[in-house]
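Visitor: Quick one: the structure is below, and I'll ask about it shortly.
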Amino acid sequence: MKKLLTALKRCAALGAAALAIVSLQPVSAANAADSRVVGGTRATQGEFPFMVRLSMGCGGALYTQQIVLTAAHCVSGSGNNTSITATAGVVDLQSTSGRVQVRSTKVLQAPGYNGNGKDWALIKLAQPINLPTLKIATTTQYNTGTFTVAGWGAATEGGSQQRYMLKANVPFVSDAQCRAYSGYSGLIASEEICAGLPSGGVDTCQGDSGGPMFRRDSANQWIQVGIVSWGIGCARPNAPGVYTEVSTFASAIASAASSL
Ligand code: ARG
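Residues -29 to -1, 1 to 231 (mature numbering (1 follows the signal peptide of the UniProt record, and there is no 0)) make up the sequence shown, in order.
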């Protein structure tokens, strides 16, 4: 377990995201290309129009039509960067109908990111994508209840990346409860939020990183409360998913976005 935890923590510090992460895991380095939500079902076309798949093997969400919010561990630093392709508008990554693909122009990794907490980054796109955006939580009021997660990551721990977007619901886990689980004592309560069932079975997984965790707000609109960050394995009992606590960084994200 020590070794696994070290690998996971190291994975979170790497820029190459899913590929690096999976290859660092003790199980199934073979499926580096595949990962999706565990215990989920297929999202329907148009259900989560703000969802983005990034070419390095991560998820993201449209913060604005020209800026994707993802995880810091999915990128390698800040600056001009035309190497990332964002795919949006489809649940089926192989469908060309409605699919929009745009290259990156710049990346902004969270200031002070060192592989521990602060796991957020922004990617500026070459052109706006004409799809709905996902607003982010600016207060802690939605950091509770049942959350939705979605992505093209592994559907089982060590499994392959998915062609079709999967979705699932996971309940909030308090910081105290989360930190008590084996492997979670390093949880940064002010910067991270946990979600999952004590019995496991439903979770995000490798390749979902950077994607949003969201819920309905008081106006019944989707609002982003988390960013897929890390976990001990995927969907194991007593091992929740850990997400960047978006409300903590909402003003930093907004000012970073206006600088791009
Ligand atoms: N670090 C992983 C990635 O880069 C995400 C892991 C999420 N794990 C979990 N058990 N919820 O794709």
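Glycine residues also receive a C-beta, built at the ideal position from the N, C-alpha and C atoms. Remember, predicted model here, so these are calculated numbers, not experimental data.
1. How is A61 classed by DSSP in three states: helix, strand or coil?
2. Please say whether T175 and G88 have beta carbons closer to each other than 8 Å?
3. Please classify R70 as buried or exposed, where buried requires at least 16 neighbouring CB atoms within 10 angstroms.
4. Give a single yes or no on whether G178 has its beta carbon closer than 7 Å to a heavy atom of the ligand ARG.
5. Does DSSP classify Q112 as helix, strand or coil?
6. Exposed or buried, N114, counting other C-beta atoms within 10 Å across all chains shown (16 or more means buried)?
7. Beta carbon of A228, beta carbon of L137: below 8 Å?
8. First and last residue of the beta strand (DSSP E) that includes F19?
9. Does DSSP put S131 in a helix, in a strand, or in coil?
10. For a test of the three-state rule: what should DSSP assign to Q195, helix, strand or coil?
11. According to DSSP, is S49 helix, strand or coil?
12. Could you give the distance in angstroms between the alpha-carbon of A1 and the alpha-carbon of S26?
13. Given a threshold of 16 other Cβ atoms within 10 Å of its Cβ, counted over all protein chains shown, does A190 qualify as buried or as exposed?
14. Work out the CA separation of G171 and V141 for me, nearest whole Å.
15. So, helix, strand or coil for R150, using DSSP?
16. Just list the residues that DSSP pairs D174 with in beta bridges.
17. Starting from Y214, follow its DSSP beta bridges and name the residues at the other end.
18. Does the beta-carbon of residue 300, which I'm using as the reference point, lie nearer than 7 Å to any heavy atom of the ligand ARG?
19. Using only CA atoms, which one of H44, Q192 and G48 lies nearest to K106?
20. Residues in the same chain with beta-carbon distance under 8 Å from Q98, minus the five sequence neighbours each way, listed in chain order, please.
21. Thinking just about the alpha-carbon of each residue, which of V120, S75, G30 and R13 is nearest to the one in N52?
22. Please classify I224: does DSSP put it in a helix, a strand, or coil?
23. Based on DSSP bridge pairs, tell me the residues matched to M184.
Guide: From the atom records:
1. For clarity, residue 61 is Val in the given sequence; the question names Ala instead. Of the three classes helix, strand and coil, the one that applies to V61 here is coil, per DSSP.
2. no
3. exposed
4. yes
5. helix
6. buried
7. no
8. Looking at the DSSP string, F19 is not in any beta strand (DSSP E), and its letter there is neither H nor E.
9. coil
10. strand
11. coil
12. Note that A1 scores a pLDDT of 30, beneath 50, so its modelled location is shaky; the value from the coordinates is reported in the next line. Rounded to the nearest angstrom, the two C-alpha atoms are 19 Å apart.
13. exposed
14. 10 Å
15. helix
16. V9
17. I164 and V199
18. With the chain covering only -29 through 231, there is no way to say anything about residue 300.
19. Q192
20. Q37 and V73
21. S75
22. helix
23. V120 and G197
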